[in-house]
Amino acid sequence: MTKDYQNFEGLRVAMLLTFMSGFIDAYTFITQGGRFASMQTGNLLYMMMKFADGHFKEAFSFFIPIIFFILGQFFYYFLRKWITPKNLRWHKSSTYVLFILLSVIAIFSPILPSIFTIAGLAFFASIQLATFKRVRGYPYTNTMMTGNIKNAAYLFLKGSVEKNEQIRKQAFYIFMAIIMFMIGVLLSTVMCRYLIKSSLYFLLLPMLALIYFLNKEEAL
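Every letter in the sequence shown is one number past the one before it in full-length UniProt numbering, and letter 116, counting from 1, is 116.
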């Protein structure tokens with residue numbers, strides 16, 4: 001059956017991405033002093049609350065992931081600009097970079113200062129967010145869920161009222177991405193109780209699965 005979307009827009013790809021995002025943000029919140037790798041709104045909120053309370057050093061600690069998230073966008077721009085003329089598949093190339101980056105963070109996180117972990121994961125989340133933007137042809141966000149919840153609710157109602165199955169499918173795809181984010185948070189919370197910083201090694205499994213799906217010819 002002919003697909004009207006690329007394999008990097010497959011539902012399984014989107015579900016893996018949101019699972020990893022939920023896992024990482026729960027991981028950083030638990031192990032990195034309440035900071036987030038991808039949810040910069042939360043970091044801004046905590047930063048200004050700490051600043052208002054006069055805890056300037058703590059406030060700056062929330063600025064670190066924001067800085068590296070921004071740097072991740074700079075890196076994304078130049079990496080894509082370098083890769084595109086070489087006729088390489090951008091999404092696959094970016095995923096290999098993400099896998100290497102996550103592997104380095106997982107290895108050194110238990111032995112290096114906390115700033116290395118939160119900075120590296122914010123950088124990772126930024127590249128992931130910029131690389132994957134659609135699920136089966138429809139826009140979604142693979143890190144923060146606010147927009148996804150809004151879109152899933154709106155599309156479900158619109159599809160139901162207008163009796164449009166295609167619109168309801170859009171809502172279903174986004175809803176599945178949200179569910180996987182929640183599962184990622186749940187599993188990360190449980191694993192951090194026992195493995196603490198070593199929990200990051202587990203994320204190499206969904207990363208390998210992501211590489212596998214991106215190398216399949218048929219979109220899923």
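C-beta: ideal position from N, C-alpha, C; glycine also.
- Under the three-state reduction of DSSP output, Tyr138 falls in the strand class.
- For Leu101 and Ser160, the gap between their C-alpha atoms comes out near 43 angstroms.
- Counting only runs of at least 3 residues, the region 189-218 fully encloses no beta strand (DSSP E) element at all.
- Residue state for Ala37 is assigned as coil, using DSSP reduced to three classes.
- Annotated three-state conformation of Gln166 is helix, per DSSP.
- For Leu155, the number of other beta carbons within 10 angstroms of its own is at least 16, and it is reported as buried.
- By the CB criterion at 9 angstroms, Leu11 and Arg89 fall outside the cutoff.
- Unbroken alpha helix (DSSP H) runs of no fewer than 4 residues, entirely contained in the region 4-59, are found at 11-31, 40-52, following chain order.
- Distances from the CA of Val13 to each of Lys86, Phe181, Ser199, Arg193 were compared; the closest alpha carbon is that of Phe181.
- The C-beta distance from Ser126 to Tyr27 rounds to 16 angstroms, too long to fall under 8 angstroms, and the pair is not in contact.
- Residue environment for Gln166: exposed (fewer than 16 other C-beta atoms within 10 angstroms of its C-beta).
- The Cβ atoms of Phe99 and Glu9 lie no closer than 9 angstroms to each other.
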